[in-house]
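Trainee: The following block contains the structure, expressed as structure tokens.
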Amino acid sequence: MYYEGKTKIVKIVENHALIEFKDDITAGDGLKHDVMTNKGSICAETTAILMDYLSKKGIRTHLIEYVPPRTLKAVPLKMFPLEVVVRLKKAGSFVRRYGGVEGEDLPFPLVEFFIKDDERHDPMVCVDHLEILKIATKDQAEKMKETAVKATLALKEFFEKGGFELWDIKYEFGLDKNGEVVLGDEISPDTFRLRKKGEIFDKDVYRRDLGDPMKKYREVLELCRSLSLQ
Ligand code: UDP
């Protein structure tokens, strides 16, 4: 099996998946698109370090091993067509939808589900939609929510050690061959908002044309490398 998406190529080889991270960067439902040297390898290694950390915290991820420079060997999953966002602070589409000020604290981790569908601009849904649309059962949705919050609090603690603030993050989940819900896809500056004293270390640099995103992505990778050794 071979599948090519906007930023990754997935090949199923024997009983594992090889996920190759491309150098493409996109925003705005794929309308903004560029290719940036070494982005794939930076995001693949960052994902590997962070998923390895999460598995030490008791969270099941698809990661088997990092195959340098730009590939992850992973457990094959049947992916839910969903983005599961956890927010610790207000930003992005939360502020556009509900108002408030970027960077304001939320009183508890907010979990939102979005269906992956660029044509419909990734509509936000609740757990009842997921059941009615036969995307996930209530139990599976609860498991995704619980795992997403646990992972976010663990990553918040990880980044805090380097003086960074995790504002929000997006996860994707799938089912393994036993029907268990497992964390898949990637964890990188493409998929979270990370700030330090007002400085932006995530894809907002690209979304808002604030300079060279790869400079920041590389700094995040260096941070992950050093924090993972502590
Ligand atoms: N996100 C993502 N993929 C998407 C949409 C969002 O990884 O297709 C991440 C985004 O980088 C941020 C979080 O999910 O860390 C919340 O994004 P938000 O809903 O605020 O949307 P945005 O501001 O990107 O439109």
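With my numbering applied, the sequence shown corresponds to residues 496 to 725, in that order. Ideal Cβ placement from N, Cα and C applies to all residues, glycine included.
Would you mind giving the Cβ-Cβ distance between LYS668 and VAL579, rounded to the nearest angstrom? I have them listed as a contact below 8 Å.
Mentor: Reading off the sequence shown, one finds Phe at residue 668, where the question assumed Lys. Sure, about 7 Å apart at Cβ, within 8 Å.
Trainee: Check for me: the alpha helix (DSSP H) holding ARG582 runs from which residue to which?
Mentor: Where ARG582 is concerned, there is no enclosing alpha helix (DSSP H), although the beta strand (DSSP E) it sits in stretches over 577-584.
Trainee: Shorter than 7 Å, the distance from the beta carbon of THR556 to the closest heavy atom of the ligand UDP, or not?
Mentor: Outside the cutoff, so no.
Trainee: For the ligand UDP, I want to know if LYS688 counts as a neighbour, meaning its beta carbon is within less than 7 Å of at least one of the ligand's heavy atoms.
Mentor: The residue you asked about is not Lys; residue 688 is Arg in the sequence shown. ARG688: yes, Cβ under 7 Å from the ligand UDP.
Trainee: On the three-pair Cβ rule with 8 Å, is the segment 515-527 touching the segment 646-666?
Mentor: The answer is no - the segment 646-666 does not touch the segment 515-527, with fewer than three Cβ pairs under 8 Å.
Trainee: Can you tell me which of LYS651, GLU652, ILE630 puts its alpha carbon nearest to the alpha carbon of CYS621?
Mentor: Looking at the Cα atoms, ILE630 is the closest of the given residues.
Trainee: Less than 8 Å between the beta carbons of VAL581 and ILE664, yes or no?
Mentor: Against a cut-off of 8 Å, the Cβ pair of ILE664 and VAL581 comes out as a contact.
Trainee: Please state the DSSP three-state secondary structure of PHE603.
Mentor: Here PHE603 sits in strand by DSSP.
Trainee: Evaluate TYR498 with the Cβ neighbour count: other Cβ atoms within 10 Å of its Cβ, from every protein chain shown; 16 or more gives buried, anything less gives exposed.
Mentor: By the 10 Å Cβ count, TYR498 comes out exposed.
Trainee: Which residues in the same chain as LYS645 place their Cβ atom closer than 7 Å to its Cβ, once the five residues preceding and following it in sequence are excluded?
Mentor: Cβ within range, chain order: ILE554.
Trainee: Go through its chain and collect everything with a Cβ distance to PRO576's Cβ below 8 Å, but skip five positions before and after it.
Mentor: Closer than 8 Å at Cβ, skipping near neighbours: ILE610, LYS611, ASP612, ILE630.
Trainee: Given the structure, does ASP617 come close to the ligand UDP, in the sense that its CB is under 7 Å from one of the ligand's heavy atoms?
Mentor: ASP617: yes, Cβ under 7 Å from the ligand UDP.
Trainee: In chain order, what residues of the same chain have a beta carbon less than 7 Å from the beta carbon of VAL715, not counting five sequence neighbours either side?
Mentor: Counting only Cβ-Cβ distances below 7 Å, and skipping sequence neighbours, we find THR541, PRO684, LEU689, PHE696.
Trainee: Grab me the residues of VAL596's own chain with a C-beta within less than 8 Å of its C-beta, minus the 5 sequence neighbours each way, in chain order.
Mentor: Only LYS585, VAL590 meet the Cβ criterion.
Trainee: Spatial neighbours of GLY598 within its chain, please: CB distance less than 6 Å, with the 5 preceding and 5 following residues excluded, ordered by chain position.
Mentor: The residues are LYS584.
Trainee: Below 7 Å, is the gap between the Cβ of ALA569 and the nearest heavy atom of the ligand UDP?
Mentor: No, the ligand UDP has no heavy atom inside 7 Å of this Cβ.
Trainee: Could you work out which residue in LEU705, ILE627, THR642, GLN725 is closest to GLU655 when comparing CA atoms only?
Mentor: Looking at the Cα atoms, GLN725 is the closest of the given residues.
Trainee: Is any heavy atom of the ligand UDP found at a distance shorter than 7 Å from the C-beta of ASP663?
Mentor: Yes, the beta carbon of ASP663 sits closer than 7 Å to at least one heavy atom of the ligand UDP.
Trainee: Considering only heavy atoms of the ligand UDP, does any lie closer than 7 Å to the CB of ASP787?
Mentor: Missing from the structure shown is residue 787; the chain here goes from 496 to 725 and no further.
Trainee: Along the chain, where does the alpha helix (DSSP H) that runs through GLY535 open and close?
Mentor: From DSSP, the alpha helix (DSSP H) with GLY535 extends over 534-551.
Trainee: Less than 8 Å between the C-beta atoms of ARG702 and ALA512, yes or no?
Mentor: In this structure, ALA512 does not lie closer than 8 Å to ARG702 by Cβ.
Trainee: Could you tell me the alpha carbon to alpha carbon distance between ASP707 and VAL700, rounded to whole angstroms?
Mentor: Using only the alpha carbons, I get a separation of about 7 Å.
Trainee: What ranges does the alpha helix (DSSP H) occupy inside the segment 663-721, keeping only unbroken runs of at least 4 residues that lie completely in it?
Mentor: For the segment 663-721, whole alpha helix (DSSP H) runs of length 4 or above, ordered along the chain, are 699-702.
Trainee: Among TYR561, GLN635, ASP680, whose alpha-carbon lies nearest the alpha-carbon of LYS501?
Mentor: When each option's Cα is compared against that of LYS501, the closest is ASP680.
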